[in-house]
Every structure is written in C-alpha cells, then in structure tokens.
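The structure appears right after this line, and notes come after that.
In the numbering used here, the protein residues as written are 16 to 146.
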C-alpha cells in the first residue's frame, strides 16, 4: 500500500501590529499661562486649531489669566511625540504668529476695504454696461 502525504505550502507570517497601545508611556502634558489683558482669546483659539494632529489644547480662564493645557498627540500617524519644551515652543510660536496676523489685518483694513470697493464698483459698472 502506497501512502502519499500532501504537503501544504506554508506562507510566511506577516508582522501584526499590537492590538493595544503601550500605556506605560506617560503622555506629554503642559500648561501655558498667559495674561488675558495682553493676550487675545481669538489668537489662542487659532493657535489651538493649528495644533490639531500635533496636540490638543484646552483653554481655561482663571481670574485675569488664560491657562492653556496642552496634551501631545500619541496617534500612530505621528512619528514621534513632542517633548514638553518643543510643544510649548511650537504653541507659543503659533500664538505669536496669530497675534501678528491680527495686528497686520487691523493695520491694513482700510486699504483692503478701498480695494474691495473699487473692485466691486468696477464690476457693477461693467455689468450695467453689458446689460
């Protein structure tokens, strides 16, 4: 009696990512304290929005201060988590940028309004001539 064994081809096993995150690593959390008399909430909100994907930001009003609680993102898309100093620096740079944008917008508002009035006035005149 002749017995043949069928051999099944073995496929290499693929590396599977872990099902759960390593919770032993502590999240990077910091608080940035700013004087509400010199810092606008709008700039803080805009800077917090620009941190999406990098960190979350909760802004609390405490007496005459804004306290911004930053928590670095630990999403798998991020290659590395920011250090507390790097996170603080990034947030403060974004706040400074938003403050400058607001200052420039305030100084150029009159010129922007004139340009828009001329542009739309010209457009309205062209539509009257065509119609």
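Heads up, the beta-carbon is just placed ideally off N, CA and C, and yes, glycines get one too.
| query | result |
| --- | --- |
| Identity of the residue in 71, 60, 58 nearest residue 88 by Cα | 71 |
| Start-to-end residues for the beta strand (DSSP E) that takes in residue 46 | 44-50 |
| Simplified DSSP state of residue 16, which is helix, strand or coil | In this prediction, residue 16 has a pLDDT of 47, which is less than 50 and means its spatial position is unreliable; what the coordinates show is noted afterwards. Residue state, collapsed to three classes: coil. |
| Chain-order list of residues whose beta-carbon lies under 7 Å from that of residue 113 (same chain, five-residue window excluded) | 58, 61, 62 |
| Residues bridged to residue 82 (per DSSP) | 48, 75 |
| Member of 95, 53, 65, 46 whose CA lies at the smallest distance from the CA of residue 74 | 46 |
| Residue 59, enclosing alpha helix (DSSP H) - first and last residue | 56-65 |
| Member of 80, 95, 102, 109 whose CA lies at the smallest distance from the CA of residue 64 | 109 |
| Per DSSP, the bridge partner or partners of residue 87 | 70 |
| Backbone CA spacing between residue 126 and residue 120 [nearest angstrom] | 10 Å |
| Inter-residue spacing [alpha-carbon to alpha-carbon] between residue 86 and residue 132 | 45 Å |
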